[in-house]
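Chains as they are written, first to last, in this note's numbering: chain X, 632 to 1002; chain E, 3 to 281; chain V, 134 to 427. In this text, a Cβ means the ideal position worked out from N, Cα and C, and glycines have one as well. Right, one structure below, let's go through it.
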Amino acid sequence: MNTAINSKKHKDYIIGFGLLILLLGTITVLEQILPRTSMIFTVLKKGAIYALVAVSMNLLNGFTGLFSLGQAGFMLLGAYTYAIFTIPVAARPQVYQYFDGGIIQFTIPVAAALILSGLVAAFFAYLIGLPVLHLKSDYLAIATLGFAEILRAIFQWDKIGVITNGSNLLKKYPVFKSCLFYFAVAIICITLIVLLINSTYGRAFKAIRDDEVAAEAMGINLAKHKQLSFVISSFFAGISGALLAIFQTTIQAKQFTSAMTYEILLIVVIGGIGSITGSCISSFLFIACSEWLLRFLDDAKLNFSSVQIFRPGFRKVVFAIVIMAIVLFYQKGIMGDKEFSFSRFTQSVKKLFPGFKKAKVIKSKSEGAAE
Amino acid sequence: MSTNVLMMKDVTMQFGGVVAVDNLSLEVNKGEIVSLIGPNGAGKTTAFNVVTGVYAPTNGAVYFNGNKIVENYPSGKMKKNYAGKENGKYTKRIEPTPDKITALGVARTFQNIRLWKSQDVFTNVLIAKHLRRTSNVFTATFRLNRAEENRQRKEVEELLKMLDLWEVRNELCTSLPYGLQRRLEIARALATEPTLLLLDEPAAGMNPQETAELTAFIEKIRTDFNLTILMIEHHMDLVMDISDRIYVLNFGALIASGTPGEIQNNPEVIAAYLGEKEE
Amino acid sequence: MEFLQTNLPYFLAGISTGGQYALIAIGYTMVYGILRLINFAHGDVFMAAGLIMIYSYTIMPLWISIPFTIILTVLLGFSIERVAYKPLRTAPRMSIMISAIGMSYLLQNFALYITGGLTKFFPSIPWISDSITIFGAVTKRVTVITPFLTIFLVISLVYLIKHTKIGMAMRAVSKDFETSELMGIKVDTVISSTFIIGSFLAAVGSLLFFSNYSGVTPTVGAMPGLKAFVAAVFGGIGSIPGAVIGAFLIGICENIIKGLGWTTFSDAFTFVLLIAVLMFMPTGIFGEKQTDKV
């Protein structure tokens, strides 16, 4: 019985892997034929970025049960770290024009900067985690939200402008135009998270989520494991921040508001708390909807009376209503706490075609009778 | 003293003005099954919680295998309200978290079953082996710990087979019947490789037949796993059948201790808890 | 005298904003006390009251639009509870908090849609918005009225809670939800009353606030809301006097910081206070410690 499940799982992994290759191939082809500015690439890039941060938030909220609302703060740390350490020295005087070119006069390679952005976010998470992780869920949420806001205020502070450029933009750092870059980074990171979740530590996290009193009684040190989850989640949130910086080509501390964290939270909820594939799927859906689809709802030309219902902003209202509907009626989200598996998908598709099933039953019955 | 697996000395647990455990001293020797009985609210589970580190006692100490694992004395605020005795005898603060005590070899089950509801039977027990891992987060994530993972899975398999839970290993633990859930919780506790097992009302909600099976089960695991057992229980047939010694608590204080025979005839115990025999 | 002249405006602004935060904070602390829910949407109800006032003023005279605004705001708060929180009462804590966040998101986007992204300006209510001079400092009359009005409302509320049946019901429900239900207390009524009172106070607070800072944007409620919540935590969640004291503290310190020239940090002060409270005094100054039964 165990081996049967294992081979099913293996089949799912192989199919999933295959689909991923297919996806990457499609993207490569699309990039050749469509113009760079096509909306589809915006959706793909942003979708990949938000998928990564949503999965990192899911690791913390969905798998360890720690309701933290600090994601935007860690993205901010990651974004700034990447930018600060990769702006070419020649460009610094112009970027840091109010701060005499800033005090950092060297650059590090992009790959190193990406990892560093994760590490810096992780470091801050370690510091913040110490006093805060033992709090009850609502207090933890507000405390992490508070820390994110404090970070945002600090990064706009002129006194450290020699590093952060104060409230001015950071720009001119190396960027990547191809979707494949974002996907590559996101896929590597998400794979690592999946490996973690399925390891003994991932199971320990789930135990903490389900019943932390029992987890502690069975020898799992709560403080250490919560810290671990928090730090790892923030590491990947930092990397996604760096990706966001690369995508936007300029960054400013004041855009990393708590509203950004709320959007990530909503993505996680829609996709299903505790489902990684859910977070990925819903991230692309969310970005597609907010950037691209349903744009027609903003089109004033659709109004058939003098009452201007369809105008800019209507899209977001409809969107918000849909989210509320999901939160109220569809609490489990798209995937619930299960991962997308090809075998389950084909099973549910098969259920839609009862004729197919009946034929199979008749066939096996006749085979059985023949014996 | 040397065969003493567990010793509680002068343990008092006070919550504000309520004295839940009042100067309790008890000992459990190697290989014994000792029961802790008394009316509801007598402080039995609280005593468990002190032993396992969930609460730091207001006063007193706990020894495991001769080593002091818990100690505390009343602090500033509590000193004013402290109603207990043995003042001044304890001077240190040793307040380990429960996971540290479990790592030493003390495991427990809960009065209200606390299984990890989203996981199946096998995983519930496997998670309890996490504390015995030597791998860290990196070796685990990058799957460099295959040998240890396989070894632990094998151990879980053996444990489940010994406890007759192998058949249901892939079931979600919430879909198990009540009796099996209780057995699963015990299996989970055993997975932490304890020498001392604390059972909190293992027979709660069971009918006489299930209780009889449980009695045999507990004796079996004592032998098979070389355990010492301290048990809270209300089912007197189980208690009297299986216990080597019994401690009786009432309003947090010890009112009697001895063999089942002695306890059954103790007038104070009868008055407080057991009740008169019906003619 | 000069010291007074330069600093009095800040101090007055401080107790004025403090009072306005207090009115919002009460809503938070009452709802949390009963439902253990941080009503993220409360700050946006405050913002909505501002917008309702602005729009109703265009079609009705002031003496109608003020009560109209208050009534509509109360209706809004009541409906939010019925639609977004009541169905989730038995759901895990995270779900209801997410619903609150979703509601906040909806309100903000709806406001954005209605206003088209332009800042709307609150009408000047005569007499309240007039400039007056105190000890040589020039300020609006509303900054002086606010603390007194706030204290009056708070005292009335505390009286209501201590000496009326519904107040006793509220205290019972916040102590023990289930037992109160078993004892026959109509929990739905209690909860609705809590939201009604909270929204009423938020509406009053918004009238005072926007008479002072007249720009209303969709996100204008987020910061005051968050600060009001911190005030509630500082005072001990569930304690109304505590929330009020916390709110005045935040209002005053915030304006002192502004006066010292550290405007970027005036908001951050609130969060530093929050972290400090959560680390050293999580139950707040008047809160009660709770132990979980294992």
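Residue i - DSSP class collapsed to helix/strand/coil
i                : result
F211 of chain V  : helix
L200 of chain E  : strand
Q153 of chain V  : helix
K855 of chain X  : helix
A1001 of chain X : Any answer about A1001 of chain X is weak, because its pLDDT of 44 lies below 50 and its placement is not dependable; what the coordinates show is given next. A1001 of chain X: helix per DSSP, three-state reduction.
E169 of chain E  : helix
N172 of chain V  : coil
D789 of chain X  : helix
A109 of chain E  : strand
N61 of chain E   : strand
K988 of chain X  : Caution applies to K988 of chain X, whose pLDDT of 48 falls short of 50 and renders its modelled position unreliable; the value that the coordinates give is listed next. Three-state DSSP puts K988 of chain X in a helix.
Q879 of chain X  : helix
D12 of chain E   : strand
V216 of chain V  : helix
K947 of chain X  : helix
V30 of chain E   : strand
K2 of chain E    : Since the first residue of chain E shown is 3 and the last is 281, residue 2 of chain E is not available in this structure.
F201 of chain V  : helix
I318 of chain V  : coil
D841 of chain X  : helix
S37 of chain E   : strand
D115 of chain E  : Note on identity: in this sequence residue 115 of chain E is Ile, with Asp being the wrong assignment. Coil, per DSSP.
Any C-beta of chain X under 8 Å from that of residue i
i               : result
I234 of chain E : no
Q121 of chain E : yes
I171 of chain V : yes
I71 of chain E  : no
Y154 of chain V : no
F66 of chain E  : no
H132 of chain E : yes
T252 of chain V : no
A158 of chain V : no
K156 of chain E : no
T191 of chain V : no
M163 of chain V : no
Any chain V beta carbon closer than 8 Å to residue i
i               : result
L690 of chain X : no
E847 of chain X : no
V751 of chain X : no
W923 of chain X : no
M955 of chain X : yes
V816 of chain X : no
Contact with chain A by residue i, beta-carbon distance below 8 Å
i               : result
G944 of chain X : Here chain A cannot be found, since the structure's protein chains are X, E and V.
Presumed contact (8 Å Cβ cut-off) between residue i and residue j, rounded CB distance
i               : j               : result
S699 of chain X : A772 of chain X : 7 Å
A380 of chain V : Y143 of chain V : Incorrect: roughly 17 Å between the Cβ atoms, too far for contact.
L411 of chain V : L766 of chain X : 6 Å
T738 of chain X : T717 of chain X : 5 Å
Within-8 Å CB hit, residue i to chain E
i               : result
N852 of chain X : yes
L874 of chain X : no
K899 of chain X : First, the residue type needs correcting, since residue 899 of chain X is Val and not Lys in the sequence shown. No, its Cβ sits nowhere closer than 8 Å to a Cβ of chain E.
Y832 of chain X : yes
Residue of the options minimising C-alpha distance to residue i
i               : options                        : result
C820 of chain X : X:K981, X:K802, X:F807, X:Y681 : X:Y681
S177 of chain E : E:F50, E:V123, E:T197          : E:V123
G869 of chain X : X:V726, X:A756, X:E662, X:P666 : X:A756
L661 of chain X : X:A743, X:S809, X:Y804         : X:S809
L827 of chain X : X:V806, X:A815, X:I863         : X:I863
I329 of chain V : V:G235, V:L407, V:G210         : V:G210
M9 of chain E   : E:G45, E:E159, E:A49           : E:A49
F333 of chain V : V:T150, V:G151, V:V207, V:R226 : V:V207
R95 of chain E  : E:F17, E:E73, E:R185, E:N114   : E:E73
A742 of chain X : X:T795, X:G909, X:L874         : X:L874
Inset, instruction - Scan the stretch 251–315 of chain V and note each continuous alpha helix (DSSP H) run of 4 residues or more that stays entirely inside, going in chain order. - result: 274–296, 298–308, 310–315
Inset, instruction - Can you check the stretch 350–417 of chain V for any alpha helix (DSSP H) of at least 4 residues that lies completely inside it and give the ranges in chain order? - result: 355–368, 373–392, 399–413
Legend entry - Segments assigned alpha helix (DSSP H), at least 4 residues, entirely inside the stretch 796–839 of chain X: 810–828
Legend entry - Runs of beta strand (DSSP E) lying entirely within the stretch 221–271 of chain E, each at least 3 residues, in chain order: 230–234, 247–252, 255–260
Legend entry - Length at least 4, wholly inside the stretch 639–712 of chain X: the alpha helix (DSSP H) runs in chain order: 670–688
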